[in-house]
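J.: Here it is, the structure in full.
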Amino acid sequence: MEKIDSLDKKILNIIMNNARIPSKDVAEECGVSRAAIHQRIQRLIEMKVITGSGYYVDPKVLGYNTCTYIGVSLEKGSMYREVVNQLEAIPEVVECHYTTGPYSMIIKVYARDNQHLMQLLNDRIQHISGVTETETLISLEQSMNRPISIPLED
Numbered sequence: 733m734e735k736i737d738s739l740d741k742k743i744l745n746i747i748m749n750n751a752r753i754p755s756k757d758v759a760e761e762c763g764v765s766r767a768a769i770h771q772r773i774q775r776l777i778e779m780k781v782i783t784g785s786g787y788y789v790d791p792k793v794l795g796y797n798t799c800t801y802i803g804v805s806l807e808k809g810s811m812y813r814e815v816v817n818q819l820e821a822i823p824e825v826v827e828c829h830y831t832t833g834p835y836s837m838i839i840k841v842y843a844r845d846n847q848h849l850m851q852l853l854n855d856r857i858q859h860i861s862g863v864t865e866t867e868t869l870i871s872l873e874q875s876m877n878r879p880i881s882i883p884l885e886d
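So this is what it looks like as structure tokens:
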């Protein structure tokens, strides 16, 4: 894997805090040409350091008022990949993590309301082969949601 140098880190620090910043502004802040910034960002994408870009959509504005985290227990941990494939078919499941601790997986789900959540749990998630148990934690309020901007130092 190619190395990330101090200019790459400077670029990443800037775009992690504002993904929509124009390349010319990044170039100006870094003291290099706009073309150099474009080439560096393309290289970081190819290296899979940068894995995506896009807009954050507020689910509540679209009618998805219930955010939940669901602990999922599996019959066997080795069933994880098959279960993930099934969860990917449920659009309301927006995150999935293979975890240590009391659950095999933690998933994040957006539902329109509690009735919709119950339908997702009873008719979809709990019917997936290998899922033995679920525990649902409803988020009452999201207090913080910041983009990933971990400190990068030389």
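Numbering-wise, the sequence shown is residues 733 to 886 according to the numbering used here. We treat Cβ as the ideally placed atom computed from N, Cα and C, and that holds for glycine. Keep in mind that this is a model prediction, so the values were computed, not measured.
By Cβ distance, which residues of its chain are closer than 6 Å to V825, with the 5 residues on each side in sequence left out?
T.: If we look at V825 and ignore the five residues flanking it on each side, its Cβ neighbours are L819, I839 and V841.
J.: Tell me the DSSP bridge mates of A843?
T.: BP columns for A843 point to T798.
J.: Candidates R856, N854, D845 and V815: which alpha carbon is nearest S836's?
T.: For the residues R856, N854, D845 and V815, the minimum Cα distance to S836 belongs to V815.
J.: Taking the CB atoms as reference points, tell me whether N745 and L884 lie closer together than 7 Å.
T.: Contact: yes.
J.: Please state whether DSSP places Y830 in a helix, a strand or coil.
T.: Note: Y830 maps to strand in three-state DSSP.
J.: Is the number of C-beta pairs between the stretch 794-801 and the stretch 862-877 that are closer than 8 Å three or more?
T.: The stretch 794-801, when compared against the stretch 862-877, does touch it at the 8 Å Cβ threshold.
J.: On the CB-based measure, 16 or more other CB atoms within 10 Å of its CB, does R813 come out buried or exposed?
T.: Counting Cβ neighbours within 10 Å, R813 comes out exposed, since fewer than 16 surround it.
J.: Run through DSSP, which three-state label would V758 get?
T.: In this structure, V758 counts as helix in the three-state DSSP scheme.
J.: Specify the secondary structure class of V781 as computed by DSSP and reduced to three states.
T.: Coil.
J.: Taking only the alpha-carbon atoms, compute the straight-line gap between N877 and D790 and give it to the nearest angstrom.
T.: Taking the straight line joining both Cα atoms gives about 11 Å.
J.: Would you list the residues sitting across from V863 in a DSSP beta bridge?
T.: Answer by DSSP bridge pairing, in chain order: L806.
J.: I need the boundaries of the alpha helix (DSSP H) containing D740, first residue and last residue.
T.: Element bounds for D740: S738 to N749.
J.: Name the DSSP beta bridge partners of M837, please?
T.: V804 and Y830, per the DSSP bridge assignment.
J.: Per the DSSP calculation, S765 is bridged to which residue(s)?
T.: BP columns for S765 are empty, so no partner.
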